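In this note's numbering, the protein residues as written are 12 to 155. C-beta atoms are modelled at their ideal positions from N, C-alpha and C, and glycine is treated no differently. Remember, it's a predicted structure, so these values are computed and weren't measured experimentally. To start, the structure itself, in structure tokens.
Structural data, given as structure tokens:
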């Protein structure tokens, strides 16, 4: 995989992946890509409508959780699927983390989009964020 993209890992009952990036922001975007690739084939999604995501969190794990949860809420409440993402920390460190992001996609259309797996929730199970050899890695388990 090098350093970038995402890879699905073995898990007995849920979806487990690692998302990578040369920057932490790139890894966050790739985590969102992995989650939506779990939901549908994102190559069929048009990035025609964008939604802003602004949130705060208390540590890096909570930032991963809040970012993915915010996107999952948009998916669940508006029937949206996304393929393109932007993510940026405004404050980062200590007890005060804030981020802004953008998710671009469209309303799910069963005639166009292939449903894969229903993601019920983002979890803290096996969650990890690491920076090794100039590569950020985010490990996430999705409850399905």
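For residue 61, does the count of other Cβ atoms within 10 angstroms reach 16, so buried, or fall short, so exposed? exposed
Looking at residue 133 and residue 76, is the spacing between their C-beta atoms short of 7 Å? yes
Could you tell me how far apart the beta carbons of residue 93 and residue 115 are, in whole angstroms, since I believe they sit closer than 8 Å? 6 Å
Per DSSP, what are the beta-bridge partners of residue 112 in this structure? 64 and 98
On the DSSP letters alone, give me the boundaries of the alpha helix (DSSP H) that residue 56 sits inside. Counting along the chain, residue 56 falls outside any alpha helix (DSSP H), and DSSP gives it neither H nor E.
Cβ contact check for the region 25-41 and the region 122-140: 3 or more pairs under 8 Å: yes
Under the assumption that residue 119 contacts residue 91 (Cβ atoms under 8 Å), give the Cβ distance between them as a whole number of angstroms. 7 Å
When you compare each of 107, 59, 43 and 99 to residue 83 by their alpha carbons, which one comes out closest? 43
For residue 59, which residues from the same chain have a beta carbon less than 7 Å from its beta carbon, with the 5 sequence-adjacent residues on both sides left out? 117
What number of angstroms, rounded off, separates the C-alpha of residue 128 from the C-alpha of residue 51? 7 Å
Our contact map puts residue 113 next to residue 63 with C-beta atoms below 8 Å; I'd like the distance itself, whole angstroms only. 6 Å
Please name the residue or residues paired with residue 134 in a DSSP beta bridge. 152
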